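S.K.: With this note's numbering as the guide, the letters of the sequence shown map in order to residues 1 to 309.
Backbone N, C-alpha and C fix where the C-beta goes; we use that ideal spot for every residue, glycine too.
Every value quoted in this text rests on a predicted model; they were computed, and no experiment measured them.
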Amino acid sequence: MCAREGPQLKVHLGLPSSPIGRVALTIGSFDGVHLGHAEVIRKTAEAAADEQAQPALITFEPHPRCLLDPANCPQSVTTLQEKLALIEAHGIEHAIVLRFDRALAALSPQEFVDQLAAVMDVRRWVIGFDFAFGRDRQGSADWLRDHGHMVDVVPPFLVDGKALHSSDVRRLVTLGDVETANRLLGREYSLSGPVEAGDRVGRTLGFPTANIAIEPNKLVPALGAYAGRVRAPEGDFIAALSVGYRPTFGGTQLRVEAFLLDFEGDLYQQRLEFHFVRYLHADIAFPKVDDLVQQLKRDVADTRRIVKA
Numbered sequence: 001m002c003a004r005e006g007p008q009l010k011v012h013l014g015l016p017s018s019p020i021g022r023v024a025l026t027i028g029s030f031d032g033v034h035l036g037h038a039e040v041i042r043k044t045a046e047a048a049a050d051e052q053a054q055p056a057l058i059t060f061e062p063h064p065r066c067l068l069d070p071a072n073c074p075q076s077v078t079t080l081q082e083k084l085a086l087i088e089a090h091g092i093e094h095a096i097v098l099r100f101d102r103a104l105a106a107l108s109p110q111e112f113v114d115q116l117a118a119v120m121d122v123r124r125w126v127i128g129f130d131f132a133f134g135r136d137r138q139g140s141a142d143w144l145r146d147h148g149h150m151v152d153v154v155p156p157f158l159v160d161g162k163a164l165h166s167s168d169v170r171r172l173v174t175l176g177d178v179e180t181a182n183r184l185l186g187r188e189y190s191l192s193g194p195v196e197a198g199d200r201v202g203r204t205l206g207f208p209t210a211n212i213a214i215e216p217n218k219l220v221p222a223l224g225a226y227a228g229r230v231r232a233p234e235g236d237f238i239a240a241l242s243v244g245y246r247p248t249f250g251g252t253q254l255r256v257e258a259f260l261l262d263f264e265g266d267l268y269q270q271r272l273e274f275h276f277v278r279y280l281h282a283d284i285a286f287p288k289v290d291d292l293v294q295q296l297k298r299d300v301a302d303t304r305r306i307v308k309a
């Protein structure tokens with residue numbers, strides 16, 4: 001994603017090493033940076049303008065639930081790199097990435113606020129409707145107001161009458177419903193990574209594919225074929241995407257791969273972004289290779305029809 005025009009995002013791994021001045025501040029995991037998150041960030045930028053301050057955001061790595069409830073540690077809708085790029089595009093000037101560990105989780109609300117006050121002048125807090133912070137989630141909008149802080153609470157972003165959460169996006173992507181997930185994100189769900197060497201089976205069938213390595217804990221869509229697009233150093237290309245084990249060939253390793261339409265060249269070791277537009281069908285084990293080839297031809301035709309160049 002291209003960064004907005006204006007000040008470049010300053011990324012702080014941990015609290016800033018020196019004071020950053022006046023800020024309007026929002027805090028959260030912001031996994032996925034979906035439409036609800038975008039509204040909170042937009043309100044933060046507005047508050048910063050009103051206060052003649054800088055818009056700042058605190059996020060956490062890993063997701064707090066991975067420490068507090070490891071059995072239910074969520075897979076990431078966005079990697080940290082993806083999250084920061086989206087945050088910058090939405091107008092944040094300072095992104096503070098705090099490692100969520102036992103020491104941070106044990107801080108009382110006052111201790112946490114005191115640590116922030118040492119490195120920034122928070123003129124206004126802009127928080128989501130379900131925001132809580134500090135040990136055992138003791139801190140809240142009311143706590144901040146009771147301690148003299150200006151607080152704006154952003155109401156829930158409603159989809160079909162229900163508040164939007166990152167878990168909604170995770171559920172849809174896990175089911176393969178990338179179309180609906182994309183509407184909640186305000187963009188196409190994507191995976192990115194370097195191209196790995198493959199076994200060249202696709203090339204022998206007339207459909208050379210690029211396989212990418214996925215970061216650990218990154219959410220991968222449901223097994224199956226998808227219409228999509230690929231962003232490569234050479235440009236954007238319509239692509240037939242696949243998430244699966246190549247069951248026709250008895251595969252046992254999960255592969256995320258793309259056949260780029262109207263492309264010729266070598267993509268090995270280049271970094272690609274796979275954008276998922278629509279689910280086509282399940283990961284199928286065909287009785288004959290010729291049946292697979294005919295399905296690939298249909299997938300390419302469907303992809304060209306569905307995805308606009």
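Give the single residue among F112, R42, R305 and R124 whose Cα lies nearest to the Cα of Q52.
M.R.: Translated into positions along the sequence shown, residue 52 becomes position 52. Among F112, R42, R305 and R124, the Cα nearest to that of Q52 is on R124.
S.K.: For P156, which residues in the same chain have their Cβ closer than 6 angstroms to its Cβ, ignoring the five residues on either side in sequence?
M.R.: The residue given as residue 156 occupies position 156 in the sequence shown. These residues qualify, in order along the chain: F129 and A163.
S.K.: Which of the three DSSP states, helix, strand or coil, is assigned to L15?
M.R.: Walking along the sequence shown from the start, residue 15 turns up at place 15. Correct three-state label for L15: coil.
S.K.: Please report how far the alpha carbon of I96 lies from the alpha carbon of I214, in whole angstroms.
M.R.: Counting from one through the sequence shown, the residue named residue 96 turns up at place 96. Counting from one through the sequence shown, the residue named residue 214 turns up at place 214. About 25 angstroms.
S.K.: Taking the beta strand (DSSP E) that P62 falls in, what are its first and last residues?
M.R.: The sequence position of residue 62 within the sequence shown is 62, counting from 1. Note, P62: premise wrong, no beta strand (DSSP E); not H, not E.
S.K.: Buried or exposed, going by whether 16 or more other CB atoms sit within 10 Å of the CB of C2?
M.R.: The residue you call residue 2 lines up with position 2 of the sequence shown. In this prediction, C2 has a pLDDT of 46, which is less than 50 and means its spatial position is unreliable; what the coordinates show is noted afterwards. Its Cβ having fewer than 16 others within 10 Å, C2 is exposed.
S.K.: So what does DSSP say about T377, is it helix, strand or coil?
M.R.: For the chain, the structure presents residues 1 to 309; residue 377 sits outside this window and is missing.
S.K.: Which partner residues of N211 appear in the DSSP bridge assignment?
M.R.: Position 211 of the sequence shown, counting from 1, holds the residue named residue 211. Paired residues: E196 and E257.
S.K.: Taking the alpha-carbon positions, what's the Q75 to D302 distance?
M.R.: Translated into positions along the sequence shown, residue 75 becomes position 75. Translated into positions along the sequence shown, residue 302 becomes position 302. Computed Cα separation, rounded: 30 angstroms.
S.K.: By a C-beta neighbour count over all protein chains shown, 10 Å radius and 16 as the cutoff for buried, is R4 buried or exposed?
M.R.: Position 4 of the sequence shown, counting from 1, holds the residue named residue 4. With a pLDDT of only 49 at R4, under 50, the local geometry of the prediction cannot be trusted, and the value read off the model is given with reservation. The residue in question, R4, is exposed, as its Cβ has fewer than 16 Cβ neighbours within 10 Å.
S.K.: By Cβ distance, which residues of its chain are closer than 7 angstroms to A197, with the 5 residues on each side in sequence left out?
M.R.: As a position in the sequence shown, residue 197 is number 197, starting the count at 1. Y268.
S.K.: Classify P55 as helix, strand or coil using the three-state DSSP reduction.
M.R.: On the sequence shown, residue 55 is found 55 positions in, with the first residue counted as 1. DSSP places P55 in strand when its eight states are reduced to three.
S.K.: In angstroms, rounded to a whole number, what distance separates the CA positions of R22 and L272?
M.R.: Counted from its first residue, the sequence shown places residue 22 at position 22. Counted from its first residue, the sequence shown places residue 272 at position 272. Their backbone Cα atoms lie some 38 angstroms apart in a straight line.
S.K.: Do L80 and E111 have their C-beta atoms within less than 8 angstroms of each other?
M.R.: Residue mapping note: residue 80 aligns to position 80 of the sequence shown, counting from 1. Residue mapping note: residue 111 aligns to position 111 of the sequence shown, counting from 1. No, the pair does not count as a contact, with Cβ atoms beyond the cut-off.
S.K.: Helix, strand or coil for H37 per DSSP?
M.R.: One-based indexing of the sequence shown puts residue 37 at position 37. Helix.
S.K.: If you run the structure through DSSP and keep just helix, strand and coil, what is A117?
M.R.: Reading the sequence shown from its first residue, position 117 is the one you call residue 117. Correct three-state label for A117: helix.
S.K.: In chain order, what residues of the same chain lie with their CB nearer than 7 angstroms to the CB of R133, ignoring the 5 residues before and after it?
M.R.: As a position in the sequence shown, residue 133 is number 133, starting the count at 1. The residue you asked about is not Arg; residue 133 is Phe in the sequence shown. The residues are I27, P109, F112 and G139.
S.K.: Just to confirm, is the Cβ distance from R229 to V169 under 8 angstroms?
M.R.: Looking up residue 229 in the sequence shown gives position 229. Looking up residue 169 in the sequence shown gives position 169. No, the pair does not count as a contact, with Cβ atoms beyond the cut-off.
S.K.: Sort D236, T174, L261 and L205 by Cα distance to G224 and report the nearest one.
M.R.: Stepping through the sequence shown from its first residue, residue 224 is reached at position 224. Closest by alpha carbon: T174.
S.K.: Tell me the start and end of each unbroken beta strand (DSSP E) in the stretch 67-139 that is at least 3 residues and wholly inside, in chain order.
M.R.: DSSP runs (the beta strand (DSSP E)) wholly in the stretch 67-139: 94-99 and 121-128.
S.K.: Give the straight-line distance between the Cα atoms of D69 and R304, rounded to the nearest whole angstrom.
M.R.: For this step, residue 69 is matched to residue 69 along the sequence shown. For this step, residue 304 is matched to residue 304 along the sequence shown. Spanning the two alpha carbons is a distance of roughly 43 angstroms.
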